Structures are given as structure tokens and as C-alpha cells.
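*Asks:* Pasting in a structure now, in C-alpha cells, and then I'll have a few things to ask.
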Amino acid sequence: MTTNADSHDVIEVRGARENNLRGVDVDIPKRRLTVFTGVSGSGKSSLVFGTIAAESQRLINETYTAFIQSFMPNVGRPDVDSLRNLSAAIVVDQERMGANARSTVGTATDAHTMLRIVFSRLGEPNIGTSGAFSFNLAEGMCPNCEGLGRVSDVNLGELLDRDKSLNEGAITAPNFGVGTWYWQQFTASGFFDPDKKLRDYTEQEWADFLHKPSTKVKAGNSTITYEGLVVKVQRLYLLKERASMQAHIREFVDRVATFATCGECGGARLNAAALSSRIHGLTIADCSAMQISDLADFVRKLDEPSVAPVLKTLLETLDSLCGIGLGYLSLDRESGTISGGEAQRVKMVRHLGSSLTDVTYVFDEPTVGLHPHDIQRMNELLLLLREKGNTVLVVEHKPEVIAIADHVVDLGPGAGTDGGQIRYTGDVAGLRASGTLTGRHLDHRARLRETVRTPAGQLPITGASLHNLRDVSVDVPLGVLTVVTGVAGSGKSSLIHGSLAGREGVVVVDQSAIRGSRRSNPATYTGLLDPVRTAFAKANGVKAALFSANSEGACPNCKGIGLVYTDLAMMAGVASVCEKCDGKRFTAEVLTHKLRGKDISEVLAMSVAEAREFFPSGPARVVLDRLSGVGLSYISLGQPLTTLSGGERQRLKLAVRMAGKGAVYILDEPTTGLHLADVDQLLGLLDRLVDDGNTVIVIEHHQAVMAHADWIIDLGPGAGHDGGRVVFTGPPADLVAAGDTLTARHLRDYVGISAR
């Protein structure tokens, strides 16, 4: 018999208005694979992440007590009339896994935990519990480096000038200038003559100046805490998470801190006892340093009934990492060093072995960083999650992923205010025939160049051996568009970033997060706000500072943020729109000043496309044209930078860097987040950069960019120790005609040409 419980077979979305969504109504089938398509900024993420996933997570959080909720991230209620039949949502995104040096691929996947259990049972000699093999526990870590595998030292030349006295500014570290509080602690300590040159210090004075531990010192009528310069700098700067530092402090730390492999453990992170225990001659550090595909072979040969369940689970985890295209990593690889795409796939492994079913899995472009050869394996994993009875929602642009969908939801027709509508729902065949932008471009193919540009010279790379590179020497042509290809883990980034970044005239434009607070937006980041403020000031005869929400013009109630954050003690804090400025961020007086009928908040709410019409000429128009040229015409000028995707961040950086004259541009997967129709615009942008006299090097997997290149450098043949070699260099036509690499086969299929 059937009951009402059997009728909940679709997620019902009614009246979704999050961001640019226009009262969207849509039914999404449960226990199916649904792909959401549409141009960048059409509203895909607003519907999937901002509405469905956000409400699912909010409802789950509400099942906990107020006390527990106070420790959880605050998830606001999405702007939607109703959502029915939601199941628990697990978001598997591309956020990097943090820069904590104690987090590795092994700890993030629990594979290292299982390996520790195996060694605690099978290792000879037996040294105790699994904790004795952990570099994050006192019983297992190397006492010298405290489990980090490396020790830091301080470059004194970056901290002080021996030819000066304290009064002359001998301490050159940030925040230690003459007259500062930190400087006063040295001069008031009584340990030194402030007019004595550092080079004239006695041995005792030098030791006290650099290394004296924290000590209470009487200074006049007060007591101060004195500590040596090296001790203080290590506490203030070197022991902090690098990612949380301000840019100038991070640059200082990079100059002052020198890291060397720990001499006691040789970089293995563990103490002597842990490194004495072996299985078939290998220590746990040896196993952690092995390529995961090799470690899987090693574990497969272990046959011991006492740990059979752990061995089985460990092998499943390692095989899953290999199956998802990450077999080239090692368990000791620090989490902070893997890309966003790799991080998403590592997170995915945690869910593949789960016994949970009827869960909604939400993926954000899972093919990022994947060669066409690897996308097939990703598709198999998405289908595997669906076959377990889960609902799988994927935001994606790649035709190979769209092709396996049970259901497609296409948003558009355009981006920003021109998007936010459902253009099509149904199967893939129907999408092809729908006439939508996505449907029309699903089978669109870029063609090989009829004539390639002639190089203006060569940029040599000699003997590159970073990571898995095998003494690679290759010439990168100047004055042309070069695409560097190869499967994930073949050595592309190691070759280009490791060998070219940092050279004079080389501009690297990547997808890393843009430093800035929630006050930062495209207008402030690009410098566009300066000419806008100047125009407002000139039109109204007032100071330009009034038109900055970070300066005099800021609403005093919300401090120019537009939101008021209320701490509700043991309940989750609440962010509400500022009642005084109604979220406009400026004082009422500032909003009375107009420029051609618009106040400053109305201008910042404009999209780039709207602002280009409002500023038909002048310095503001120059910046806006660059933003439009990189495909960001749909973003608003005042949109927080924290809301931009990796691909949008890269294109925003490119718009800024295009203002200067960079001889060589390095771009890292610029097609990330781009709709099929937008890729042509990107190719036009790359052509313009080259035609302006620049050299453009693109690390990319998209076949359209490969086909459009003047020159291809293909690495491989595989990943990890199966890669690291140049397997082809030359024009794309030669690769298609006679190449036998994985890239050649996929590019040949893409352009529809048979090999000679």
C-alpha cells in the first residue's frame, strides 16, 4: 500500500528571491542527478547554495539547543516563500582546506588514523597505541620540531641594524619603530644603553636583547614584561597562522623566517620510537610519503586477521582517492598546499564510504582542475552517490557532466539583473532542443587556429625538478598564447609557477582569495571608487572623503557596513539591515548629494554594465571597460569580494593587472566558472592581451582554449611519479594530427579530426 510518505519525491521551491532570483518556482526530483546550468551570474549558486542548501543547514542547526547553536556558523533564512521536502544537505565545495601545517591529506581523510592503528598492531618492535604514531600528539611527535617536520630560524638581518642604537631605530621589525610601545619596553628595561650601537653590546647584553625569556621588570613606578626581540617576534608573528596576517606582516614573516628540515627527525615529524617500528621494512613516515597509488598496493599485500576490518576500510579510502584522480598525492601532503579542486575531491572521498542515504549532496563545479581524461571518473563517482539513493545537485558548465544528468535546470537568460529566471527544466535531449543559450552551445566547438603566431623569442626553463618534475627543460615561446596541459598531478603548476613566477616582468593571476574585509568590493579593489568619489565631490562642491563608506561618509550606526550584528549571548548572533541607513551604508546627508540624479549608494548598486552607461567617459569608464572585457559586466560595484567565486576573483585580478604593462601573464584555469558561451569571450580577451605585445601562458584543461592556442606544452604521461615529463611541445594542429598523449586523444575527439 502507498502512503503520503511515498509522495515526497521532489524538492519544491516556491518564490525564491535570493540575490538576483526572480520569484523562482521549480521542482527538483529527489534521488536523481540534477545539473544546474546557465551563464556566470545567472543565479545557479543563489538557487542551489544560497536557497536549498542554506535552508537545509539552517533547519538542521535549529534542532540543536541555543547553547550549541552559539558555537555554529550563523546561517540566515533565505529569501524564499516556501521550501518543501528538503533532506539533510552536505555541501562539497571548493574551499581550500586551511593552511594549518598539522593538517594533511592523511588526517583530513582519516587514512592516517587507520594507518596508525595498523602500525600499532603490526609494527615491529611494538611501541604502544596508535597515539604513539601521531605527530599531533606529545607521545608521538618529534620533540625538536614538535611534529611539524621543520624548524624555523630568524634572519636577524631583517630584524635589526647593528650599526644603529635603539634611539636611532636599530630595530627594523614592523611596529617596533622609535617611540612605539614595543620599542619603549626595550629602552625602559634597564638592560641596555639606548644610545649604544648594537654592534658594541657585550655578550650578556646581546643575549638579553635577543633571547631573554619573558621577565617582569620594574620601570619607574610601573612594572613591564620584557622579552628578547627574537622571542617577541616569534610570539607576535611566527607562531600565528600565516593566512590570518595582514599583507605587510605576511611579507615581513616571509623575509624574516627561515625554515629548515628538522635535523632530529629528518622531516618525518615523529620521534625516534615511532620511527623505529616497521612493517616489511617501512616506517609509518615512509608509508605516508609514498604516492597514494603505491601505498594502496602496499596495504593490499598485508594479510593480518587481527586488523582485517581496518585494512579493508583503509584500502577502500586509498582506492577511492585513486579512483577520483588523486592517486598522485601522498598522505603527508599538507592540506594547505592542495588546490580548491583537489580539496573538493578529498572531501568527496569522505562521503563515498558513508552508509547514509536519502542525503542531498551539493557540488560546485566538481570538474575544476580535471583533465578531460579525469572527468569520466568524476562522473562515475557522482552517479555512484546517486545510485546509493541520494539526491545529487551539481552546478556545472562542462558538457561532459551535463550529458549524464537525469534532470537539468537552466537559468538565465543573462547574468545579474538579466538573469534569475528558469529558462528550461527537463532532460538533456530537451535542453539541446530548447533554444536556450546553454542548449545552443552544448555542442559548440572551438576550431583549431588556421595560422598560429610566430614567437618573438624564448623564455627558457632549465632543469626544473620541483615536486614530481624530472629535470625538465623546455622553452616557452614569447609573444604568443601558450597553453600548458596534462592530467591533474602531471606537473603543470610545478613547472610554470615553480619556474616562471617571480621572474621580472611576470604577472601571475590566480584564483586565490583576495585579501580584504567584508567592506571590500570591486569598486574599492580596482580603484574605481576614487574617480567616482571625485566626480561626486566635484558635482556637489564637497570633500571626496564623504563618499567613502570607510571614511567620513559612513553611517555611524553600522559603521558603513550596512548591517548591524547583534550578539545574543548564548544564542546565534543576528545580522540585520541597519535601520538608520536602510543598508545604504552612508549618512542621510551624503545621500542628498547627487551625480546626474543618482546618489552614491545607487551608483554602487549598479552592475558594471549599468555603470558603463552612467560613466560614458573618463577614468571610471576605463576601469569599467576592463571589468566588462574580462566578463564581469554582471557583478555590482558594491558587491562584497567574499561573495565572488574563484573564477570571478581571477578575472577581477586580471582586470586590475591589465592596467599595468606585464610582459608575461600566467593564468591558472581562467575558464573556471565560465559558461560555454562565455569561453569565446575569454578567448577574445586572451587574443587582445597577446596582440598588445604580451606573452600569455595559460594552465588549462578546457579543449576550446587548447584548440585556440598558438603553442601547447603537454605534461605527463600520467600523474605523480608517472608524470613530470614534457610529452609534447608544438602547435595544437601537430598534437591533434600525430600526438599519442591523453591530451591529444581528447583534443582530437573535440575538434573531430582523425590522426594521420
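Its first residue numbered 40, the sequence shown is counted upward by one per residue in the numbering used here. Think of the CB as a built atom: it goes at the ideal place given N, C-alpha and C, for glycine as much as any other residue. Computed from a predicted structure; not experimentally measured.
1. Could you spell out where the beta strand (DSSP E) holding D403 opens and where it closes?
2. Taking the CB atoms as reference points, tell me whether G379 and E134 lie closer together than 8 Å.
3. Does the distance from the CB of A574 to the CB of A694 come in under 8 Å?
4. Which of the three DSSP states is assigned to K692 in this structure?
5. Taking buried to mean at least 16 other C-beta atoms within 10 Å of its own C-beta, is M610 buried or exposed?
6. Going by the DSSP bridge assignment, what does D707 pair with across the sheet?
7. Could you check if I91 is buried or exposed, using at least 16 other CB atoms within 10 Å of its CB as the buried criterion?
8. Quick one: what's got a C-beta closer than 6 Å to T782's C-beta in the same chain, skipping five residues either side?
9. Over the uninterrupted beta strand (DSSP E) stretch that includes E51, give me the two end residues.
10. Using C-beta distances below 7 Å, list every residue in its chain close to E163, excluding the 5 sequence neighbours before and after it, in chain order.
11. Per DSSP, what are the beta-bridge partners of T681 in this structure?
12. Less than 7 Å between C-beta atoms, sequence neighbours within five positions excluded: which residues of the same chain meet that for T396?
13. With a threshold of 16 other CB atoms inside 10 Å of the CB of M645, please say whether the residue is buried or exposed.
14. Are G186 and R308 close, meaning C-beta to C-beta below 8 Å?
15. From what residue to what residue does the alpha helix (DSSP H) around R425 run?
16. Taking its Cβ as the centre, do 16 or more other Cβ atoms sit within 10 Å of A468, making it buried, or is it exposed?
17. What does the alpha-carbon distance come out to for the pair D773 and L786?
18. Using only CA atoms, which one of V515, T399, I414, A442 lies nearest to L424?
19. Given a threshold of 16 other Cβ atoms within 10 Å of its Cβ, counted over all protein chains shown, does E739 qualify as buried or as exposed?
20. Just confirm the distance between the C-beta atoms of T711 and G686, as a whole number of angstroms; I'd bet it's less than 8 Å.
21. What is the DSSP secondary structure of D761, counted as helix, strand or coil?
22. Give me whichever residues DSSP pairs with R189 in a beta bridge.
23. Below 6 Å CB to CB, which residues in the same chain sit around I443 once its five sequence neighbours on both sides are set aside?
24. For V603, list the residues DSSP reports as bridge partners.
25. Contact defined as beta carbons within less than 8 Å: I believe I674 pairs with P561. What is the distance between those atoms, to the nearest angstrom?
26. Is the region 445-464 in contact with the region 71-83, if contact means three or more CB pairs nearer than 8 Å?
27. With distance defined between alpha-carbon atoms, name the residue in P679, F75, N260 nearest to V434.
28. Can you name, in chain order, every residue of its own chain whose Cβ lies under 6 Å from the Cβ of L725, other than the five neighbours on each side?
29. Starting from T464, follow the beta strand (DSSP E) in both directions and report where the run begins and ends.
30. Apart from the five residues just before and just after E290, which ones in its own chain have a Cβ nearer than 8 Å to its Cβ?
31. Since I believe P499 is in contact with R518 (beta carbons under 8 Å), could you give me their beta-carbon distance rounded to a whole number of angstroms?
32. My understanding is that R484 touches V78, with C-beta atoms under 8 Å, so please give their C-beta distance in whole angstroms.
33. Could you give the residue range of the beta strand (DSSP E) that holds L432?
34. If you run the structure through DSSP and keep just helix, strand and coil, what is L176?
35. I'd like the list of long-range same chain contacts for V114, defined as Cβ closer than 7 Å, with 5 residues on each side in sequence excluded.
36. In three-state terms, what does DSSP make of D336?
*Replies:* Let's see:
1. For the purposes of this step, residue 403 is taken as residue 364 along the sequence shown, with counting starting at 1. First-last of the beta strand (DSSP E) with D403: 399-403.
2. Locating residue 379 in the sequence shown gives position 340, counting from the first residue. Locating residue 134 in the sequence shown gives position 95, counting from the first residue. The answer is yes: Cβ separation under 8 Å.
3. Counted from its first residue, the sequence shown places residue 574 at position 535. Counted from its first residue, the sequence shown places residue 694 at position 655. Contact flag unset, no.
4. As a position in the sequence shown, residue 692 is number 653, starting the count at 1. K692: helix per DSSP, three-state reduction.
5. Against the sequence shown, residue 610 aligns to sequence position 571. Residue placement at M610 is flagged as unreliable, the pLDDT there being 49, under the threshold of 50; the coordinate-derived value follows with that caveat. Flag for M610 reads exposed.
6. On the sequence shown, residue 707 is found 668 positions in, with the first residue counted as 1. Partner(s): I738.
7. Translated into the one-based positions of the sequence shown, residue 91 becomes position 52. Under this definition I91 is a buried residue.
8. Taking the sequence shown and counting its residues from 1, the one referred to as residue 782 is at position 743. Within the same chain, T782 has close Cβ partners T524, D753.
9. For the purposes of this step, residue 51 is taken as the residue at position 12 of the sequence shown. Per DSSP, E51 belongs to the beta strand (DSSP E) from 49-55.
10. Taking the sequence shown and counting its residues from 1, one reaches residue 163 at position 124. Excluding positions up to five away in sequence, the list reads S316, R317.
11. The count along the sequence shown starts at 1 and reaches residue 681 at position 642. None, per the DSSP bridge assignment.
12. Numbered from 1 along the sequence shown, position 357 holds the residue referred to as residue 396. Same-chain partners within the cutoff: K427, G428, N429.
13. Translated into positions along the sequence shown, residue 645 becomes position 606. M645 is buried by the Cβ-count criterion.
14. On the sequence shown, residue 186 is found 147 positions in, with the first residue counted as 1. On the sequence shown, residue 308 is found 269 positions in, with the first residue counted as 1. Their beta carbons are under 8 Å apart, which means G186 touches R308 by this criterion.
15. On the sequence shown, position 386 is the one that residue 425 refers to. Taken as a continuous stretch (DSSP letters only), the alpha helix (DSSP H) holding R425 covers 411-426.
16. Within the sequence shown, numbered from 1, the residue matching residue 468 stands at position 429. Exposed, since its Cβ has fewer than 16 Cβ neighbours within 10 Å.
17. As a working note, residue 773 is residue 734 in the sequence shown. As a working note, residue 786 is residue 747 in the sequence shown. If I take the Cα positions, the gap works out to 11 Å.
18. Taking the first residue of the sequence shown as position 1, residue 424 is located at position 385. The shortest C-alpha separation from L424 is found at T399.
19. To locate residue 739, count along the sequence shown from 1; it is residue 700. Under this definition E739 is a buried residue.
20. On the sequence shown, residue 711 is found 672 positions in, with the first residue counted as 1. On the sequence shown, residue 686 is found 647 positions in, with the first residue counted as 1. The Cβ separation is near 4 Å, so the contact holds.
21. Mapped onto the sequence shown, residue 761 falls at position 722. It is helical.
22. Numbered from 1 along the sequence shown, position 150 holds the residue referred to as residue 189. Note: R189 is bridge-paired with T300 in the DSSP secondary-structure output.
23. Counting from one through the sequence shown, the residue named residue 443 turns up at place 404. If we look at I443 and ignore the five residues flanking it on each side, its Cβ neighbours are N418.
24. As a first step, residue 603 is located in the sequence shown; it is residue number 564 there, counting from the start. DSSP lists S615 as the beta-bridge partner residues of V603.
25. By 1-based counting over the sequence shown, the position of residue 674 is 635. By 1-based counting over the sequence shown, the position of residue 561 is 522. At roughly 6 Å, the Cβ-Cβ gap stays under 8 Å, so I674 and P561 are in contact.
26. Short answer: they touch.
27. Position 395 of the sequence shown holds residue 434. Closest by alpha carbon: F75.
28. In the sequence shown, residue 725 corresponds to position 686, counting from 1. Apart from the 5 residues on each side of it in sequence, L725 sits with its Cβ closer than 6 Å to the Cβ of L520, V735 in its chain, given in chain order.
29. The residue you call residue 464 lines up with position 425 of the sequence shown. Where T464 is concerned, the enclosing beta strand (DSSP E) stretches over 460-465.
30. Position 251 of the sequence shown holds residue 290. Around E290, the same chain offers no residue with a beta carbon nearer than 8 Å, after the five sequence neighbours per side are excluded.
31. Against the sequence shown, residue 518 aligns to sequence position 479. Against the sequence shown, residue 499 aligns to sequence position 460. The sequence shown places Gly at residue 518, rather than the Arg named in the question. About 15 Å separates the two Cβ atoms, so there is no contact after all.
32. For the purposes of this step, residue 484 is taken as residue 445 along the sequence shown, with counting starting at 1. For the purposes of this step, residue 78 is taken as residue 39 along the sequence shown, with counting starting at 1. Contact flag wrong, Cβ pair sits at about 19 Å.
33. On the sequence shown, position 393 is the one that residue 432 refers to. Residues 430-434.
34. The residue labelled residue 176 in the question sits at position 137 within the sequence shown. The answer is coil: DSSP assigns L176 none of H, G, I, E or B.
35. Indexing the sequence shown from 1 puts residue 114 at position 75. Around V114: A93, Q96, R97, N100.
36. Counting from 1 along the sequence shown, the entry for residue 336 is found at position 297. Correct three-state label for D336: helix.
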